[in-house]
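Protein chains in written order, with our numbering: chain A, 1 to 321; chain B, 1001 to 1112. Even glycine gets a Cβ: it sits at the ideal position worked out from N, Cα and C.
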């Protein structure tokens, strides 16, 4: 199971494909810009027992949280797995080392480009040179200390971005373990985005036949501790419960999620207005998902850090006995 | 929270009696929305829709305020679409409100 945390709402970038740049949501969370320590630790304590994955994303740049490093290290210490999604602009040697020492499981740099000119458009407000320097440092430290952390990049497949060139640059030249290619999403009713900038609109699944995976594998929590039904409802129009008042287990197995799961399993997900209007359901996938990324990135990391090195030949080994 | 009405992104809910759009702020098209149903699958009912004037709007003193009432299990609030003067005239706002009223048929229209 994965818990997706809107850990922070402020951001130091204005990316044109971001749902928060293209909505009123940040204004609506001005009273709760950062997830409080108490809320975060309650989530970590409860989910760490099960080795659950905390995805630190949503809303803004996670490393802007005044206690970001401290809280992520804490979550690792109580048994959570951590996937940090970041624009990479705020790493320095100290916080990079702390995250790697703690064994943060996956650090994802949202890069979206492979040259300064494109980067200035798709990652408006950020500096290309800083990104490259911080990514190289993180990779170098990871490789040096043979850390278990996977370091990956991600890019939204959108017009004006050569996704193959992005992959080549970040994986082959810079040395990232993997490139996540993300579909261009609009978050429908929540934003002013439209899908015209997608350069790969082909769906992953048929929404008339296949249930949405998110309600079976993800729990989305905002900075107030409110649990939304899924990552589509970033405005928080739904409330499945609040982790400050209830256990995650009770919310996950509660009446609200049961309602959605039963409808979807019966092939009647579109009876629910929110799901019927969701333009992103077709881009969810039971196969091409975060777990696959984790697996592929881990395989790449192991190859790179194996004692022989990824390009060395083991030679012929004779079987004995 | 945000809600889209006919492609327009509204923000809210704001408390009716303490919300005011002043003359020096961006004018609005407003929707009075009742939220009911279970918290995990809410139903939104459009109670009223209107256009704020260039002089602003104080919802507590709105002539139709007494009709903006919740039914059992509902809460009622104001949602605003900001229509800056640089992009929209007063006539534009009136036209948008009129089109929204036709589409959602307040006070019983439900947002799908």
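**Q.** From B:1069, B:1048, B:1073 and B:1082, residue whose alpha carbon lies closest to that of residue 1101 (chain B)
**A.** Along the second chain, read from residue 1 onward, the residue named residue 1101 (chain B) stands at position 101. Ranking B:1069, B:1048, B:1073 and B:1082 by Cα distance to residue 1101 (chain B) puts B:1048 first.
Q) What is the residue span of the alpha helix (DSSP H) that residue 83 (chain A) lies within? A) By one-based count along the first chain, residue 83 (chain A) stands at place 83. Looking at the DSSP string, residue 83 (chain A) is not in any alpha helix (DSSP H); the run it does join, the beta strand (DSSP E), is 81 to 86.
Q | Closest by C-alpha distance to residue 1013 (chain B), when choosing among A:297, A:28, A:4 and A:188 | A | In the second chain, the residue the question calls residue 1013 (chain B) occupies position 13. Nearest C-alpha to residue 1013 (chain B): A:28.
Q) If you draw a straight line from the alpha carbon of residue 99 (chain A) to that of residue 1070 (chain B), how long is it in whole angstroms? A) Here residue 99 (chain A) refers to the residue found at position 99 of the first chain. Here residue 1070 (chain B) refers to the residue found at position 70 of the second chain. Rounded to the nearest angstrom, the two C-alpha atoms are 50 angstroms apart.
Q.
Does residue 1049 (chain B) come out as helix, strand or coil in the three-state DSSP assignment?
A. Mapped onto the second chain, residue 1049 (chain B) falls at position 49. Strand.
Q: Could you tell me whether the region 245 to 259 of chain A touches the region 284 to 297 of chain A, where touching means 3 or more Cβ pairs closer than 8 angstroms?
A: no
Q: With 7 angstroms as the limit, tell me which residues of the region 1005 to 1033 of chain B have their beta carbon closer than that to any beta carbon of chain A; keep them in chain order.
A: 1009 and 1011
Q | Within chain B, partners of residue 259 (chain A) - CB distance below 8 angstroms | A | If you number the first chain from 1, residue 259 (chain A) lands on position 259. What residue 259 (chain A) touches in chain B: 1038, 1040 and 1041.
**Q.** Limits of the beta strand (DSSP E) - the one that residue 153 (chain A) falls within
**A.** In the first chain, the residue the question calls residue 153 (chain A) occupies position 153. Looking at the DSSP string, the run of the beta strand (DSSP E) that includes residue 153 (chain A) is 150 to 156.
Q: Please name the residue in A:86, A:103 and A:111 whose C-alpha comes closest to that of residue 79 (chain A).
A: Translated into the one-based positions of the first chain, residue 79 (chain A) becomes position 79. The residue with the shortest Cα to Cα distance from residue 79 (chain A) is A:103.
**Q.** Local conformation of residue 108 (chain A) per DSSP, three classes
**A.** Within the first chain, numbered from 1, the residue matching residue 108 (chain A) stands at position 108. Looking at residue 108 (chain A) - three-state DSSP - the assignment turns out to be strand.
Q | Cβ of residue 1001 (chain B) within 9 angstroms of any chain A Cβ | A | On the second chain, position 1 is the one that residue 1001 (chain B) refers to. Yes - at least one Cβ of chain A is within 9 angstroms of the one on residue 1001 (chain B).
Q. Taking the alpha-carbon positions, what's the residue 1078 (chain B) to residue 1005 (chain B) distance?
A. One-based indexing of the second chain puts residue 1078 (chain B) at position 78. One-based indexing of the second chain puts residue 1005 (chain B) at position 5. Roughly 13 angstroms separates the two Cα atoms.
Q.
What would DSSP say about residue 1056 (chain B), mapped onto helix, strand or coil?
A. Position 56 of the second chain, counting from 1, holds the residue named residue 1056 (chain B). If DSSP states are grouped into helix, strand and coil, residue 1056 (chain B) belongs with the strands.
Q: Go through its chain and collect everything with a Cβ distance to residue 1095 (chain B)'s Cβ below 6 angstroms, but skip five positions before and after it.
A: For the purposes of this step, residue 1095 (chain B) is identified with residue 95 of the second chain, where counting begins at 1. For residue 1095 (chain B), where only same-chain residues beyond five positions count, there are no Cβ hits under 6 angstroms.
Q: Kindly list, in the order they appear in chain D, the residues whose Cβ is closer than 8 angstroms to that of residue 1112 (chain B).
A: Absence of chain D from the displayed structure is noted, the protein chains being A and B.
**Q.** Whole-angstrom distance between residue 1046 (chain B) and residue 1111 (chain B), CA atom to CA atom
**A.** The residue you call residue 1111 (chain B) lines up with position 111 of the second chain. The residue you call residue 1046 (chain B) lines up with position 46 of the second chain. C-alpha separation (whole angstroms): 7 angstroms.
Q: Report all residues from its chain with a CB closer than 6 angstroms to the CB of residue 106 (chain A); omit the five preceding and five following residues, and keep chain order.
A: Against the first chain, residue 106 (chain A) aligns to sequence position 106. Within the same chain, residue 106 (chain A) has close Cβ partners 83 and 150.
Q. In angstroms, rounded to a whole number, what distance separates the CA positions of residue 1067 (chain B) and residue 1042 (chain B)?
A. As a first step, residue 1067 (chain B) is located in the second chain; it is residue number 67 there, counting from the start. As a first step, residue 1042 (chain B) is located in the second chain; it is residue number 42 there, counting from the start. Their Cα atoms are separated by approximately 22 angstroms.
Q) Does the beta-carbon of residue 236 (chain A) have 16 or more other beta-carbons within 10 angstroms, so that it is buried, or is it exposed? A) Along the first chain, read from residue 1 onward, the residue named residue 236 (chain A) stands at position 236. Answer is buried; the Cβ neighbour count reaches 16.
Q. Is residue 1080 (chain B) near residue 189 (chain A), with beta carbons less than 9 angstroms apart?
A. Locating residue 1080 (chain B) in the second chain gives position 80, counting from the first residue. Locating residue 189 (chain A) in the first chain gives position 189, counting from the first residue. Cβ distance not < 9 angstroms, so residue 1080 (chain B) and residue 189 (chain A) don't count as in contact.
Q: Determine whether the Cβ of residue 190 (chain A) lies closer than 9 angstroms to any Cβ atom of chain B.
A: Stepping through the first chain from its first residue, residue 190 (chain A) is reached at position 190. By this cut-off, residue 190 (chain A) is an interface position.
Q.
Using CA atoms only, rank isn't needed, just tell me which of A:125, A:6, A:92 and A:117 is closest to residue 12 (chain A).
A. Residue mapping note: residue 12 (chain A) aligns to position 12 of the first chain, counting from 1. Closest option to residue 12 (chain A), Cα to Cα, is A:125.
Q: May I ask you to list, following chain order, the residues of the region 10 to 42 of chain A that have a beta carbon less than 8 angstroms from some beta carbon of chain B?
A: 23, 24, 25, 27 and 28
Q: Mind checking who residue 180 (chain A) pairs with in its DSSP beta bridge?
A: For the purposes of this step, residue 180 (chain A) is taken as residue 180 along the first chain, with counting starting at 1. DSSP output for residue 180 (chain A) lists A:154 as bridge partner(s).
Q) Any idea if residue 229 (chain A) is buried or exposed, counting beta-carbon neighbours within 10 angstroms, 16 or more meaning buried? A) Taking the first chain and counting its residues from 1, the one referred to as residue 229 (chain A) is at position 229. Its Cβ being crowded by 16 or more others within 10 Å, residue 229 (chain A) is buried.
Q: Return no unless some Cβ of chain B is closer than 9 angstroms to the Cβ of residue 344 (chain A).
A: Summary: the structure shown does not reach residue 344 (chain A), with chain A confined to residues 1 through 321, and so no result is reported for it.
Q) Hey, residue 163 (chain A) and residue 157 (chain A) are a contact pair by Cβ (cut 8 angstroms); roughly how many whole angstroms apart? A) Residue mapping note: residue 163 (chain A) aligns to position 163 of the first chain, counting from 1. Residue mapping note: residue 157 (chain A) aligns to position 157 of the first chain, counting from 1. Sure, about 5 angstroms apart at Cβ, within 8 angstroms.
Q) Are at least three pairs of beta-carbons, each pair with one atom in the region 266 to 274 of chain A and one in the region 64 to 72 of chain A, less than 8 angstroms apart? A) no
Q.
If distances are taken between C-alpha atoms only, which option among B:1103, B:1018 and B:1109 comes closest to residue 1114 (chain B)?
A. In the structure as shown, chain B starts at 1001 and stops at 1112, and residue 1114 (chain B) therefore has no counterpart that could be examined.
Q. Beta-carbon of residue 255 (chain A) versus every beta-carbon of chain B: anything under 9 angstroms?
A. Position 255 of the first chain, counted from the first residue, corresponds to residue 255 (chain A). So, interface residue.
(Q) Which residue wins for smallest C-alpha separation from residue 92 (chain A), given the options A:141, A:110, A:118 and A:147? (A) As a first step, residue 92 (chain A) must be located in the first chain, where it is residue number 92. When only C-alpha atoms are compared, the closest one is A:141.
Q: Would you check if the distance between the CB atom of residue 226 (chain A) and the CB atom of residue 206 (chain A) is smaller than 9 angstroms?
A: Along the first chain, read from residue 1 onward, the residue named residue 226 (chain A) stands at position 226. Along the first chain, read from residue 1 onward, the residue named residue 206 (chain A) stands at position 206. Contact flag unset, no.
Q. So which of A:201, A:200 and A:186 has the shortest CA-CA distance to residue 325 (chain A)?
A. Residue 325 (chain A) falls outside the range modelled here, since chain A spans only 1 to 321, and no answer is possible.
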